[in-house]
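Colleague: Each residue of the sequence shown is one higher than the last, beginning at 3 in the numbering used here. We put the beta carbon where it would ideally sit given N, CA and C, even for glycine. Quick caveat: nothing in here was measured; it's all calculated off a predicted structure. Sharing a structure with you now.
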Amino acid sequence: MLRAHLMVILKAFIVLSSWICGYFGLKHLPLTIVGPINATRPVIVLLGAVFLFGERLNLCQWTGVILSLMSIFLMSKAGKKEDIDFRSNRWIWCVAGATLLGAVSGLYDKFIMRSLSPMFVQSWFNFYQMIIMTVICAFLWYPKRHQTTPFRWTWAIPLISIFICTADFAYFTSLSDPGSMISVVSLVRRSSVIISFICGVLIFKERNIKAKILDLGLILLGMAFIWMGSR
Numbered sequence: 003m004l005r006a007h008l009m010v011i012l013k014a015f016i017v018l019s020s021w022i023c024g025y026f027g028l029k030h031l032p033l034t035i036v037g038p039i040n041a042t043r044p045v046i047v048l049l050g051a052v053f054l055f056g057e058r059l060n061l062c063q064w065t066g067v068i069l070s071l072m073s074i075f076l077m078s079k080a081g082k083k084e085d086i087d088f089r090s091n092r093w094i095w096c097v098a099g100a101t102l103l104g105a106v107s108g109l110y111d112k113f114i115m116r117s118l119s120p121m122f123v124q125s126w127f128n129f130y131q132m133i134i135m136t137v138i139c140a141f142l143w144y145p146k147r148h149q150t151t152p153f154r155w156t157w158a159i160p161l162i163s164i165f166i167c168t169a170d171f172a173y174f175t176s177l178s179d180p181g182s183m184i185s186v187v188s189l190v191r192r193s194s195v196i197i198s199f200i201c202g203v204l205i206f207k208e209r210n211i212k213a214k215i216l217d218l219g220l221i222l223l224g225m226a227f228i229w230m231g232s233r
């Protein structure tokens, strides 16, 4: 039982590290750049699944990986039009770190779901996550909250919690199936990039959309090839 709790605690640290990096990047970058970068996570998961779980890539899957890498290169070109240098911008590196840690989390999820139930992981993960974030906020946010980011209540806070918990439970349940492939599950999760991209265009009125649509199209095409190769 102790080993099971330690495994969930490690997951909480990985996920929170990814979230912290991702939220800092999201605060300072356009959503239409952050979303497509996050959408490359299945590529990392797929490569990790090859080395860790013995999954093998076929021609379709390799095509998807190459298309996704091409989209990142084109995205860096589009970012320069908004004075965003992918090599030197710290917030780009934050998003990249969040994407890498998110992929690590996905691979780790597949590992722990072999021996733990979805409800156990979900409930204790939320509990340990709350404890860790309470400590972080107590030392890093609370002393300087008035000068940096004072707390402001919004109904988005509980709604985000409900949506994340619901999505996570469905995710853990799918991974608990012995026949599930983490590369495919991760791919389905990242299809949410379409929603975030549309919100960036319609709600936040972000710029340089035509070039970013091409980048997003390449990522979605790459995801489609990975999906076809996984059938």
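What residue range does the alpha helix (DSSP H) around A41 cover?
Modeller: Counted from its first residue, the sequence shown places residue 41 at position 39. That residue, A41, is in no alpha helix (DSSP H); it is neither H nor E in DSSP.
Colleague: Confirm, please, whether the CB-CB distance from V36 to G27 is below 8 angstroms.
Modeller: Here residue 27 corresponds to residue number 25 of the sequence shown, with the count starting at 1. Here residue 36 corresponds to residue number 34 of the sequence shown, with the count starting at 1. Against a cut-off of 8 angstroms, the Cβ pair of V36 and G27 comes out as a contact.
Colleague: Check whether the region 44-62 and the region 105-113 are in contact - that is, three or more C-beta pairs closer than 8 angstroms.
Modeller: Enough Cβ pairs lie closer than 8 angstroms, so yes.
Colleague: Rounded to the nearest angstrom, what separates W229 and F153 at their Cα positions?
Modeller: Reading the sequence shown from its first residue, position 227 is the one you call residue 229. Reading the sequence shown from its first residue, position 151 is the one you call residue 153. Whole-angstrom Cα-Cα distance: 42 angstroms.
Colleague: From this set, L4, Q131 and R92, which residue's C-alpha is nearest S19's C-alpha?
Modeller: Within the sequence shown, numbered from 1, the residue matching residue 19 stands at position 17. S19 has its Cα closest to that of Q131, out of L4, Q131 and R92.
Colleague: Using CA coordinates, which residue listed in L189, M121, R147 and W95 is at the minimum distance from F227?
Modeller: Against the sequence shown, residue 227 aligns to sequence position 225. Checked all of L189, M121, R147 and W95; the closest Cα to F227 is L189.
Colleague: Can you tell me whether DSSP reads G181 as helix, strand or coil?
Modeller: As a first step, residue 181 is located in the sequence shown; it is residue number 179 there, counting from the start. In the structure shown, G181 sits in coil (DSSP, three-state: anything other than H, G, I, E or B).
Colleague: Would you mind giving the Cβ-Cβ distance between S178 and M115, rounded to the nearest angstrom? I have them listed as a contact below 8 angstroms.
Modeller: Indexing the sequence shown from 1 puts residue 178 at position 176. Indexing the sequence shown from 1 puts residue 115 at position 113. Contact holds; Cβ gap of about 5 angstroms.
Colleague: Out of curiosity, what's the CA-to-CA distance linking C167 and A158?
Modeller: To locate residue 167, count along the sequence shown from 1; it is residue 165. To locate residue 158, count along the sequence shown from 1; it is residue 156. Computed Cα separation, rounded: 14 angstroms.
Colleague: Under the assumption that L33 contacts S198 (Cβ atoms under 8 angstroms), give the Cβ distance between them as a whole number of angstroms.
Modeller: Stepping through the sequence shown from its first residue, residue 33 is reached at position 31. Stepping through the sequence shown from its first residue, residue 198 is reached at position 196. About 6 angstroms; that satisfies the 8 angstroms criterion.
Colleague: Please classify C139 as buried or exposed, where buried requires at least 16 neighbouring CB atoms within 10 angstroms.
Modeller: Numbered from its first residue, the sequence shown carries residue 139 at position 137. Flag for C139 reads exposed.
Colleague: Run the CB neighbour count on V137, radius 10 Å, all protein chains shown included, and call it buried at 16 or more, exposed below.
Modeller: Reading the sequence shown from its first residue, position 135 is the one you call residue 137. Flag for V137 reads exposed.
Colleague: Determine the direct distance from the alpha carbon of G56 to that of S70, and round the result to whole angstroms.
Modeller: Sequence index remark: in the sequence shown, residue 70 carries index 68 (1-based). Sequence index remark: in the sequence shown, residue 56 carries index 54 (1-based). Looking at the two C-alpha atoms, the distance is approximately 22 angstroms.
Colleague: As a quick exercise: from S125, I221, L8 and W93, pick the residue whose alpha carbon is nearest that of Y110.
Modeller: Start at 1 with the first residue of the sequence shown, and residue 110 comes out as number 108. Answer by Cα proximity: L8.
Colleague: Using beta-carbon positions only, say whether L220 and L61 come within less than 8 angstroms of one another.
Modeller: Counting from one through the sequence shown, the residue named residue 220 turns up at place 218. Counting from one through the sequence shown, the residue named residue 61 turns up at place 59. No, Cβ-Cβ distance for L220 and L61 is not below 8 angstroms.
Colleague: State buried or exposed for K212, treating a residue as buried only when at least 16 other CB atoms are found within 10 Å of its CB.
Modeller: Along the sequence shown, read from residue 1 onward, the residue named residue 212 stands at position 210. Classification of K212: exposed, given that the 10 Å Cβ count is below 16.
Colleague: Rounded C-beta distance between F127 and V203? I'm assuming under 8 angstroms.
Modeller: Your numbering for residue 127 matches position 125 in the sequence shown. Your numbering for residue 203 matches position 201 in the sequence shown. At roughly 33 angstroms, the Cβ-Cβ gap does not stay under 8 angstroms, so F127 and V203 are not in contact.
Colleague: Quick check on S73: buried or exposed, where buried means 16 or more other Cβ atoms within 10 Å of its Cβ?
Modeller: Counting from 1 along the sequence shown, the entry for residue 73 is found at position 71. Its Cβ being crowded by 16 or more others within 10 Å, S73 is buried.
Colleague: Which residues in the same chain as N91 place their Cβ atom closer than 7 angstroms to its Cβ, once the five residues preceding and following it in sequence are excluded?
Modeller: As a position in the sequence shown, residue 91 is number 89, starting the count at 1. Counting only Cβ-Cβ distances below 7 angstroms, and skipping sequence neighbours, we find nothing.
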